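Engineer:
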Amino acid sequence: MNDKRISITLHLLELRRRLMWSAIVILVFTATAFVFHQQILRLLMEPAQGFAQIPNQKPIYTNLTEFIGVAMKVSLLAGLLASLPFILYQIVMFVAPGLTPGERRYLYALLPVSFVAFLTGAAFGYRILFPPAVKFLLTFGDEIATPYIRIGDYTNMMLALLFWMGLIFEIPVVLFFLSKIGVVNSAFLARQRRYAIVIAFVLGAIITPTFDPLNQSLVALPIIVLYEASIWLTKLGGGRRKSSAQDLELDAEER
């Protein structure tokens, strides 16, 4: 009983230590991002070429603290993104002792892949999805009303889109890892294809800021493609978990 309490206490101390270091890294990167918040905001507004057609050619803010609030939010999210490799490393190192040797190896290998996948998804949203969506929204009612875009609304929409697209591009990585630990396999994923297609279009309707089918399809189609890629990855990867005896042998070899 005492050994169990000591073990739990050690785990909690390790968790506190990793959380503390993660918070420090996030704080450092957030403070650095705040110094360059104007450059970050200009980068976020670059896809909205339609701003050249509205008054003042830039968004507005309507209360005294709105802009500084936007600057702090953007800096925090930029700090989180820059800290993501370190945070993922801390998570992996914390959960690794509870995994088998084979699972740990896959987790270590997929750590940089997951970060690259998130950045790829965010880049897709930034370059491919967001510009036509903004153009549609800015020109839809321009003959009746003049658009004055609040910078808070714009950045919230942009950041939400980048975040969700980054998560969506993690689908193959997550499903591949789940297949390697025996949770899913390619046959199971293939049987769920019809549901995945429906979910893809539902997510497309939720994530996109517009209601037109074209922009919704720009989200749904990559989800479907990524799901199909996941089926092939799990098929190539085998998707069969090592037996307990094999895991014990590998664990003994590592020790």
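Residue numbers for the sequence shown follow this note's numbering, beginning at 6 and rising by one. We treat Cβ as the ideally placed atom computed from N, Cα and C, and that holds for glycine. These figures come from a predicted structure and were not determined experimentally.
(1) For ASN190, does the count of other Cβ atoms within 10 angstroms reach 16, so buried, or fall short, so exposed?
(2) Are the Cβ atoms of ILE96 and LEU85 separated by less than 9 angstroms?
(3) State the start and end residues of the unbroken alpha helix (DSSP H) segment that holds PRO177.
(4) Return the residue from the list THR105, ASP158, VAL179 that minimises the CA-CA distance to THR239.
(5) For ILE65, which residues does DSSP report across the bridge?
(6) Distance, Cα to Cα, LEU20 vs THR125?
(7) In whole angstroms, what separates the C-alpha of LEU112 from that of LYS185?
(8) If you draw a straight line from the alpha carbon of GLY209 to that of ALA225, how long is it in whole angstroms?
(9) For the alpha helix (DSSP H) containing ALA101, name the first residue and the last one.
(10) Identify, in the order they occur along the chain, each residue of the same chain with its Cβ nearer than 6 angstroms to the Cβ of PHE206, setting aside the five sequence neighbours on each side.
(11) In terms of residue numbering, what span does the alpha helix (DSSP H) encompassing VAL188 cover?
(12) Excluding the five sequence neighbours on either side, which residues of its own chain have a C-beta within less than 6 angstroms of the C-beta of TYR232, listed in chain order?
(13) Please look up how many angstroms separate the CB atoms of PHE141 and PHE174, rounded, as I've assumed it's under 8 angstroms.
(14) Buried or exposed: LEU24, going by 16 or more other Cβ atoms within 10 Å of its Cβ?
(15) Return the CA-CA distance between GLY74 and LEU241, expressed in angstroms with no decimal places.
(16) Is the Cβ-Cβ distance between ALA138 and LEU164 less than 9 angstroms?
(17) Going by CA-CA distance only, name the one from LEU194, ARG110, GLN44 that's closest to SER80.
(18) Put ALA114 into one of helix, strand or coil per three-state DSSP.
(19) Per DSSP, what kind of secondary structure is GLY146 in: helix, strand or coil?
(20) Straight-line CA distance for TRP26 to LEU18?
(21) Applying the 10 Å Cβ sphere with the 16-neighbour rule, what's the burial state of ARG196?
(22) Exposed or buried, SER12, counting other C-beta atoms within 10 Å across all chains shown (16 or more means buried)?
(23) Could you give the distance in angstroms between the alpha-carbon of ALA127 and the alpha-carbon of PHE120?
Structural biologist: Let me lay it out:
(1) buried
(2) no
(3) 176-185
(4) VAL179
(5) ARG155
(6) 30 angstroms
(7) 10 angstroms
(8) 5 angstroms
(9) It is not in any alpha helix (DSSP H) - ALA101 carries neither H nor E in the DSSP assignment.
(10) ALA225
(11) It is not in any alpha helix (DSSP H) - VAL188 carries neither H nor E in the DSSP assignment.
(12) ALA201
(13) PHE141 to PHE174, Cβ: 23 angstroms. No contact.
(14) exposed
(15) 47 angstroms
(16) no
(17) GLN44
(18) helix
(19) coil
(20) 12 angstroms
(21) exposed
(22) exposed
(23) 11 angstroms
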